[in-house]
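With our numbering applied, the sequence shown corresponds to residues 967 to 1091, in that order.
Built from N, CA and C at the ideal position, the CB exists for glycine as well.
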Amino acid sequence: MAEFLIKAVDASHPDPAKDRTGCYKRGDVVAVAPDGHRWGRDEALPKFLVVRVPGLPVERARRYTEPLYDPLDASPESRVMRRRRYRFDFMRRLGAGMMDAVGKSEWLVPEISEAFIEDKTGRTG
């Protein structure tokens, strides 16, 4: 089983290009670790959210940390369009009640389905 560190708020940069390609945005998958990983104190709300995906091996979960590349550029040095290709819309999927419970607990790690991780390109599978 894999755990995901999800960015809970947008990071920003005054340079629009750096903001778009170098900053994590709300819902971005920041890191993947095995179930039971000891996340740091700062890897919690309000900046981050940890979620668990039952049945998803860590090796397969790592794909969710890849950047979003320019789909029109097939070269090996393809241009990064966004820091991450995948995101998790935690407010829509978990709801305000669960987010409130997570915010009040240091140990509560919500379980989600892999299907809840969205591809920013709109592709599925």
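For residue i, the three-state DSSP class (helix, strand or coil)
i            : result
residue 1030 : helix
residue 1053 : strand
residue 1048 : strand
Opposing strand residues paired with residue i [DSSP bridges]
i            : result
residue 972  : 995 and 1015
residue 1000 : 968
residue 1077 : 1018
Enclosing alpha helix (DSSP H) for residue i [first to last residue]
i           : result
residue 986 : 982-988
Burial state of residue i (16 or more Cβ within 10 Å)
i            : result
residue 915  : This structure leaves residue 915 out entirely; the chain is present only between 967 and 1091.
residue 969  : buried
residue 1053 : buried
residue 994  : buried
residue 1040 : exposed
residue 1081 : exposed
residue 1029 : exposed
residue 1051 : buried
residue 1089 : exposed
residue 974  : buried
N-terminal and C-terminal residue of the beta strand (DSSP E) that residue i is part of
i            : result
residue 1085 : 1083-1085
Residues of its chain near residue i, where Cβ-Cβ distance is below 8 Å and the 5 sequence neighbours each way are ignored
i           : result
residue 978 : 985 and 989
Own chain, CB closer than 6 Å to residue i, minus 5 neighbours either side, in chain order
i            : result
residue 1020 : 967 and 1077
residue 987  : 1046
residue 1027 : 968 and 998
residue 1005 : 1016
residue 1003 : 969
residue 1084 : 1053
Residue i Cβ short of 7 Å to the ligand GDP heavy atom set
i           : result
residue 989 : This structure simply doesn't include the ligand GDP, nor any ligand for that matter.
Cutoff 7 Å; reference residue i; Cβ partners in own chain excluding five residues on either side
i            : result
residue 1033 : 1046, 1048, 1049, 1050 and 1051
residue 1036 : 1044, 1045 and 1047
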